[in-house]
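What follows is a set of notes on a single structure, which appears directly below.
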Amino acid sequence: MNEFLTHYAFLIVPIIKIAILVLLVLTVDAYLTWLERKVIAHIQSRWGPYRVGPHGLLQPLADGVKFIFKEDPMPAGVDKIAYFLAPFLTLMLALTSLAVIPFGPQRFTIWGYETHLGIADVNISLLVLFAITALAVYGVALAGWASNNKYSLLGGLRSSAQMISYELTLTLSVVGVLLLAGDFSLRSIVEQQAQSGKGLVSWNIFPQIIGFLCFFTAAIAETNRVPFDLPEAESELVAGFHTEYASMKFAMFFIAEYTSMITVSCLCTILFFGGWLSPFPVSWTFTQFLPSVLLIPFGLWVLYDGIRYETIFGRLLLPGVGTALLALGGALLAYPAINGYIQGPFWFFAKVFVFLFVYIWMRGTLPRFRYDQLMSFGWKFLLPVSIANVVLTAAAILIWGKH
Amino acid sequence: MTAPLIIFFVLAALAIFGAVSLILQRHPIYSALSLIVVMVALAGLYLLMGAEFVAAVQIIVYGGAIMVLFVFVIMLLNAGLEERTNFSGLATYAGIPLALAVSGFIAAAIARSGGYLPAPAPSGALTSTKTLSMLLFTEFVYPFELTSFLILVAILGAIVLAQREN
Amino acid sequence: MPIHEHLRPILEYLWIIPLLPLLGSAVNGLLGAKWPNKTVNAVALGSTGLSFACALEAVREFMAGGQAPFRKEFFDWIIAGNFRAGFDLQLDQLTVVMVLVVTGVGFLIHIYATGYMAHEGGYYRFFSYLNLFMFFMLILVLAANFVLLFVGWEGVGLCSYLLIGFYFLKKSAADAGKKAFIVNRIGDFGFMLGMFLLFRAFGSLDFQTVFAKAATWQPDTVGQFGTLTIACLLLFMGATGKSAQLPLYVWLPDAMEGPTPVSALIHAATMVTAGVYVVARSHVLFTHSPSAMYVVAIVGCATAIFAATIGLVQSDIKKVLAYSTVSQLGYMFLACGVGAFGAGIFHLMTHSFFKALLFLAAGSVIHAMGGEQDMWHMGGLASKIKVTFWCMLFGTIAITGFIPFAGFFSKDAILFAAYQSENSGKAFYAVGLLAAILTSFYMFRLVWLTFGGEKRYDEHHVHVHESPGSMTVPLMILALLSLVGGWFAAPALWGGPNYFAEFLSPVFGNAELVGGEAAHSLELTLSIVAVLAAGIGLIVAWRMYSSKVVRGTSTGLHKILYNKYYVDELYQATIVGPLVWLSRNVFWKVVDVGMIDGSVNGIAHGTEAVGDTVRHAQSGNVRSYAVWVIIGAIVILAIIFWPLWRPAFFVATSGGVR
Amino acid sequence: MVPTNYYLILSAILFGLGIVAFVFKRNIITLFMAIELMLNAVNLAFVAFSQSLGKPDGEVFVLFVIVVAAAEAAVGLGIVILTARNRHSLNVERVDLLKL
């Protein structure tokens, strides 16, 4: 048994990792929808989902069930193959793009197979990411074209034009970072930011602030999120490219969208905000206790909130969760050695969460672009700025060298 | 039969399948999609050979820009199934055999001459992106500039063509 | 060896000398059409004057440099295999003389022309041509290899053509221009052949290399002459064309159709002496082939006497001078032929002074007579146009060789050299002396017919008037020069050194500096004889023309001479006529119309027919075009790979042949 | 290790298929795709050679080819759009006015 494992570890371990990641991501997506609805609701001073489970925590499950069991009508005169292909393609690409993202520094060995946090460690991972996002256009475009519906077609056209236009910026705005790192591998980009060991100050965000702004804007456009969600502008195109999609296929588009949000957030984190690095200098070892120290008050709050919750279920569930969190925090304090391991993932996911929140926040606040505005903004403002950023960075490196 | 060989045959089969389906499909969209398949397969082959940067560029530019443009135009013109007219007798009767003859020629020539070539170097060892860019900006800088000029001209030409005369 | 380069600005940039006239020519020719005469004068005179100044400066630097021959390759012009023709200029003693003569006399004649041409049309054109001529002439004399020299050679020919035919509306002028050009072509043909032969023999056309190799040249026999002999004769053929020697002299008298300054500058002072210059420049070659030298001497001698005889009876004042020029050139070639190159160049210089003077004076006379050129319609002008008269008299005395004028010394040197030369020198001397007598006769005849006796023209139509200062001042300067021009050689008379010959000796070697007391006494006697000869001519002319003269009907010998021995008619009958017939009936009607036009039109028609048939392949259907492309590809591939596959086509495996 | 020959033969096959497509298809846009296919085949050959000869020049040329292909697509598709606009057909055999 054991030697079987050691012999085929190179095959088994990645499969396991992939399974874990996919499950994780799907869950995160589900609760991302919940979070989005909650946050936007509060922004608009509403309650948001509240019925299913305490604080509507089980809403995602309900949605999932609905998606699965809902009828899936196919409109007349659609191009069947493309119609089916589109959502699968979209989801597949979205999930694939996560494969090259490293979540933490550690390398560990399972059954004699050395591996790390994250699926694949390609040395041109950034390029691979861009390649995959580049292909993501087809899903939307095909969906729009295949559903044999004017609005959808318009949506598809819009998305293809928009994605091509903003992909330029997306790629160019990263060049600055690449110049600093001198490598395409996301891992080495993070390590380059860690070199000085001074924490926050050595992150790319400071030299590359312009690049970051361009990148984030372009990334939002690439993911068809507000304020760039013209392909699915409900006020103009009903629901754009996925008007004719229902139930599971629609869910695929949905999941794909949220997954790509996660991907983009991860990218922003890695490229500009030092990935899994802690913002504090390495010398401040005591900051390693931060996660556990954060857990305890959170657990306390959940406990307190749970006790005075109105539904029985809530009163049963929430305190349990709270005590679990407290226990976890206590354990971490008890066995400080663990902290060293969870540092990386902790900071990484914390930063990613911030970006996801920003996404939702923007959706809550910003209005949608008009199409011509979108184009002129992308071509006449964003692109020149990112090019200028490249030139400036190159000049700076030429003059002062890399830091 | 080693792993690379297996991968090669899979990808090659994929590429050939794509090319054939490009020919057989009657709707341009599907031709385009099958061409994309070919390109992805080729990108995989490049990776197999260790030309990673070229592979990435192949996907990004060909798959992500050029073919998107094709699909876009096909959608824009709402191109239907192609009609199989046969106005050119020459092409109808002589076209396919001659085309096959040419490919036969080339294949035979390669089969003859290619034997003298050494086997590819171990993957990735050869061309890091750095060496490639060094080459591009030192030895090939003049053609590089020329191509940039070509791009500019192409942009202008496309604009001039696309704008409605008024 | 270049010493003190910083001290010799002009010498290091020698090209400035020819460049200036070229600029002047370009400016005048391109912009001058609308300009007033003053501006054109400024440009033309400025350029030539500056170039004269530069030449003086260059010579000064040359002298300062210890007379070291200067040579510089400015840029490569033609490079083909081992053949190199560069823009190389050189400056040695011979060049110094030529450059000074060309620029100096040219400058004076320019000044003169501003007055003479003042009332003519195409003023700017005239000066543009004139400057252009200066440019080419300077290239000719400064060139350091045969090719560049040939450029100048052809250029002056061109300018001569343009200027002879300056009044191109007048048919005779146009014809004269053509005649000059064509006759020169014959000579140039020989010249080119000579160059080719030299290149074949020495593998270079550079003066240095050619002469260096020629100095150590083993006589061979190509034909039954040596290569050198043939080359020299071919070069000399060119010289006869350019310098109007027998048998190619016929163009020069007709060239008198051009404006008088042109006759003075080109056809007396500078261009026609180019032939002499070339012979002198390539003296190394000539001295290595005595037979060629002998030919030169004979031709020169014959021309001298021949032209002089014709000159005896001409009635047109310029024609007389023209024939006199031809005869004087004959003298120079005689000198070169007997190896007295120095003497030849010396005579070239003095002749350029006094012959320019004579022509200009004649021009002044014509100006005064309102365009009349026939001496029989002149007479008694001495009192009316004194300056011109005296200048003309100076020139006459100079050319006839009365001591102490320039002509005396140069002509004396030539005759002396001829007398001393071993093979049939005496005969040469005798003929030369006879020619001298004739010269003095026709020159004084000219003077008396023009200025002496009573007037033979109609007061009412022509009112004689002295020319403006712009014409008379150059006359006086030239008169002075033709007086003192020869005094370099004066000390030789009382046994002193001949400065001119010594100055040139580095170029020519001490070939003709045969000193010795006996030689000196002989020289004295010879010169006395020469003066006496001139005197005879003077007396005869005085006897015949000083008193009242009437133009008799020309008969017998006089008629033959007056018609120039019917040479033109002879050429017309033997050469020109047949050629014209040939070109009209064969080259035009058969070759041109039949073959050339026919082939051109045939090709056109053929193309059209082919297009008519093939164009149906142009179906406009892209797919069929694609198939055509494929067929082409197959053909190309077959051509490429056939040699690769001929052995056993299908043995080819993916493994290939290892 | 995969012998270079295999790559070359694959590229030859793809090229031939491109030619076939070019003569066989009627849709202008598809013709363009056929051209792209041939270009890709050539690229494959380039990379294969550069790998087997150990010189990266071939890959640089691939980059150039891709750039040229992009330019060609931009202009060509512009022309296609105009043609479709004026001739109301994408069939290359119906666009045959350019003849004598």
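Residue numbers (the numbering used here), protein chains in the order written: chain A, 111 to 513; chain B, 36 to 201; chain C, 1040 to 1697; chain D, 2 to 101. Every residue, glycine too, gets a C-beta built ideally from N, C-alpha and C.
Host alpha helix (DSSP H) of residue i (start-end)
{"i": "T1153 (chain C)", "result": "Q1132 to Y1155"}
{"i": "I109 (chain B)", "result": "M102 to L112"}
{"i": "G74 (chain A)", "result": "No answer is possible for residue 74 (chain A): it lies beyond the span of chain A, which begins at 111 and ends at 513."}
{"i": "T379 (chain A)", "result": "S357 to F382"}
{"i": "S66 (chain B)", "result": "P63 to M84"}
{"i": "R480 (chain A)", "result": "First-last for R480 (chain A): undefined, no H or E at that position."}
{"i": "F1241 (chain C)", "result": "K1210 to F1241"}
{"i": "Q1367 (chain C)", "result": "I1356 to G1376"}
{"i": "W510 (chain A)", "result": "L493 to W510"}
{"i": "P1617 (chain C)", "result": "G1616 to L1621"}
8 Å contact criterion, which residue i and residue j should meet: CB distance rounded
{"i": "G432 (chain A)", "j": "V412 (chain A)", "result": "4 Å"}
{"i": "F458 (chain A)", "j": "T379 (chain A)", "result": "6 Å"}
{"i": "G1314 (chain C)", "j": "A1278 (chain C)", "result": "3 Å"}
{"i": "F88 (chain B)", "j": "V61 (chain D)", "result": "About 10 Å separates the two Cβ atoms, so there is no contact after all."}
{"i": "G1409 (chain C)", "j": "V1501 (chain C)", "result": "5 Å"}
{"i": "A1319 (chain C)", "j": "L1133 (chain C)", "result": "6 Å"}
{"i": "S257 (chain A)", "j": "P185 (chain A)", "result": "6 Å"}
Straight-line Cα distance separating residue j from residue i
{"i": "F172 (chain B)", "j": "C324 (chain A)", "result": "26 Å"}
{"i": "T1646 (chain C)", "j": "G1659 (chain C)", "result": "21 Å"}
{"i": "Y1151 (chain C)", "j": "F1392 (chain C)", "result": "14 Å"}
{"i": "Y118 (chain A)", "j": "P124 (chain A)", "result": "11 Å"}
{"i": "G1383 (chain C)", "j": "V1639 (chain C)", "result": "54 Å"}
{"i": "F1689 (chain C)", "j": "T243 (chain A)", "result": "In this prediction, F1689 (chain C) scores a pLDDT of 46, lower than 50, which makes its location untrustworthy; no coordinate-derived value is stated."}
{"i": "Y1584 (chain C)", "j": "G1419 (chain C)", "result": "12 Å"}
{"i": "L1552 (chain C)", "j": "Y1538 (chain C)", "result": "Reliability of the predicted coordinates at L1552 (chain C) is poor, the pLDDT of 48 falling under 50, and no value is obtained from them."}
{"i": "L426 (chain A)", "j": "V162 (chain A)", "result": "15 Å"}
{"i": "Q216 (chain A)", "j": "I452 (chain A)", "result": "10 Å"}
{"i": "Q1353 (chain C)", "j": "Y1601 (chain C)", "result": "6 Å"}
{"i": "A13 (chain D)", "j": "I1673 (chain C)", "result": "14 Å"}
{"i": "L282 (chain A)", "j": "L64 (chain D)", "result": "17 Å"}
{"i": "I497 (chain A)", "j": "Y469 (chain A)", "result": "25 Å"}
{"i": "P477 (chain A)", "j": "Q483 (chain A)", "result": "12 Å"}
{"i": "F213 (chain A)", "j": "W157 (chain A)", "result": "34 Å"}
{"i": "V1615 (chain C)", "j": "L1565 (chain C)", "result": "44 Å"}
Residue i: first and last residue of the uninterrupted beta strand (DSSP E) it sits in
{"i": "F1109 (chain C)", "result": "F1109 to A1119"}
Residues that residue i contacts on chain B, provided the C-beta gap is smaller than 9 Å
{"i": "F294 (chain A)", "result": "E87, F88, A91 and T164"}
Chain-ordered neighbours of residue i on chain C, where CB pairs are closer than 7 Å
{"i": "I20 (chain D)", "result": "I1669"}
Sheet register partners of residue i (DSSP bridge)
{"i": "Y223 (chain A)", "result": "A:I220"}
{"i": "G1125 (chain C)", "result": "C:D1115"}
{"i": "D1245 (chain C)", "result": "C:N1184"}
Residues that residue i contacts on chain D, provided the C-beta gap is smaller than 7 Å
{"i": "M74 (chain B)", "result": "N41"}
{"i": "R1662 (chain C)", "result": "V24, V93 and E94"}
Per-residue contacts from residue i into chain D (C-beta, under 8 Å)
{"i": "V1674 (chain C)", "result": "The contacting residues do not exist; V1674 (chain C) stays about 15 Å from chain D at best."}
Chain A residues whose Cβ lies nearer than 9 Å to that of residue i
{"i": "G115 (chain B)", "result": "Here the premise fails: no neighbours, minimum Cβ distance about 11 Å."}
Proximal residues of chain B, C-beta to C-beta of residue i below 8 Å
{"i": "A1665 (chain C)", "result": "A126 and G130"}
{"i": "N87 (chain D)", "result": "In chain order: nothing, as chain B lies at least about 11 Å away."}
Contacts of residue i in chain A (Cβ-Cβ under 8 Å)
{"i": "F52 (chain B)", "result": "Result: empty, since nearest Cβ-Cβ is about 15 Å, beyond 8 Å."}
{"i": "F184 (chain B)", "result": "Neighbours of F184 (chain B) on chain A: none; closest Cβ ~17 Å, over 8 Å."}
{"i": "A254 (chain B)", "result": "With chain B represented from 36 up to 201, any question about residue 254 (chain B) goes unanswered, as that position is not in the structure."}
Proximal residues of chain C, C-beta to C-beta of residue i below 8 Å
{"i": "L133 (chain B)", "result": "V1666, I1669, I1670 and I1673"}
9 Å Cβ cut-off: residues of chain D touching residue i
{"i": "S56 (chain B)", "result": "What S56 (chain B) touches in chain D: nothing, since even the nearest Cβ is about 10 Å away."}
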